[in-house]
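Its first residue numbered 524, the sequence shown is counted upward by one per residue in the working numbering.
We put the CB at the ideal spot given by N, CA and C, even for glycine.
Note that the structure is predicted; figures quoted are calculated from it, not measured.
The next block holds one structure in the form of C-alpha cells; read it before the comments.
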Amino acid sequence: MDFDVKGDIPTAPKKKLPNQPGIVLTFDDDYVDTWYNAEKELRAYNWKATFFICKYSAFTPEQKEKLHYLQNMGHDIAGHGYNHENAVKYAAQYGIDTYIKNEILPLKEIMRKDGFDIKSFAYPDGARNSQLDKRLLKYFDFIRGTTYGELRPDAQYCYYENKRVIYGLGIDEDYEQFNLEYYKSLLLYAKKHNKIVIFYGHKTVDKVNDRLETPIGLLKQLCAFAIENNLKFYSVDDLKNLEK
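This is how it looks when you write it as C-alpha cells:
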C-alpha cells in the first residue's frame, strides 16, 4: 500500500496494465507545423504519437499553440535537446555535466513553464553510450536511441523490452530500410509475440522532397494496418504503465 505523505492517507498502488501488442510512433526535431497537419489527416485513425522537441526557444506563439493542441489530442510531448547537440560528441569535449547543464535542464525548464512536463528523451542523431544513459535516466523515465537496417523481425531491436532505454527504427523515406511491407512484417511479428514496435520519423509531408521526411501516406497505411490487426497505439509515456 502506498501512502499520501501529506496526510498519511493510504492510496491504492497504480494498477499496471497488461501488455497489448502495439505500435509507438515517434517524431524528432521541431517540425510542429507539419505534425499539426499530420494530426488533422490521421485523426480518423485515433492514432497516438510522441513528439521529441528540440530548439523550443525558437518556437513562435503559434507553434507553441499547435504543440499544446497536439498534447490536448492525447499525444506525448518529449525532449530532444535544447540545441540538438550530439550528446556523445558534446560530452566528450565538454563533459556530461556540461551537456546536462546546457542541453537538458534548460529544455525541461523552458517547456515546463509553458505547460509541457517532458518525461522522455530521444538522443539527437541517435548518438548515445551507457554513461550518458545512466546520467540522463535521472531526469527522464525513458530514453530513445535508434536502430537501423532491414533485419529479420526476430533480430530487430525496435521492440519495447521492458527497459527504460528503448530503440526506434526510422521510417523516413531516405532510410535504407524504408519499406512498407517490411514495417508490416515487424507489426505482424509484434502481434504474434505480444510485443510493441517503436518507429521514429521527422518531418511529416504529403510529398517527399528532401531527407528526413516521413510520408503521411505511409503513416496512414501503418495506422490502418495496426487497426486491422488489433494493435494498440502507445505513446512512450504509456510504456511505464505496462506490466513488467
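C-alpha gap between residue i and residue j, whole angstroms
i       : j       : result
Phe-575 : Glu-704 : 26 Å
Ala-572 : Ile-750 : 15 Å
Pro-647 : Asn-732 : 22 Å
Tyr-498 : Pro-584 : Outside the displayed range of the chain (524 to 767) lies residue 498, so it cannot be described from this structure.
Tyr-683 : Val-547 : 9 Å
Tyr-706 : Gly-545 : 13 Å
Leu-765 : Tyr-662 : 20 Å
Ile-694 : Lys-714 : 19 Å
Gln-616 : Glu-608 : 12 Å
Trp-558 : Lys-763 : 24 Å
Asp-677 : Phe-748 : 20 Å
Cys-681 : Arg-675 : 11 Å
Asn-542 : Asn-717 : 7 Å
Glu-699 : Phe-665 : 26 Å
Asp-556 : Gln-594 : 14 Å
Ala-601 : Glu-588 : 16 Å
Phe-722 : Cys-746 : 12 Å
Range of the contiguous alpha helix (DSSP H) that encloses residue i
i       : result
Phe-748 : 739 to 751
Leu-660 : Unbroken run through Leu-660: none, as it is neither H nor E.
Leu-590 : 584 to 595
Asp-556 : 555 to 565
Bridge partner(s) assigned by DSSP for residue i
i       : result
Phe-574 : Phe-550 and Ile-600
Val-728 : Pro-738
Lys-755 : Gly-545
Ile-721 : Val-547
Tyr-579 : In the DSSP output, where bridge partners are listed per residue, Tyr-579 has none listed.
Tyr-682 : Val-720
Thr-669 : Gly-691
Residue burial classification, residue i (beta-carbon count within 10 angstroms, cutoff 16)
i       : result
Thr-549 : buried
His-598 : buried
Asn-753 : exposed
Arg-667 : buried
Gly-638 : exposed
Gly-672 : exposed
Glu-632 : exposed
Next item on the list: Kindly provide the ranges of any alpha helix (DSSP H) runs that are 4 or more residues long and lie completely inside the segment 614 to 666, ordered along the chain.
Entry: 619 to 622, 628 to 636 and 653 to 659
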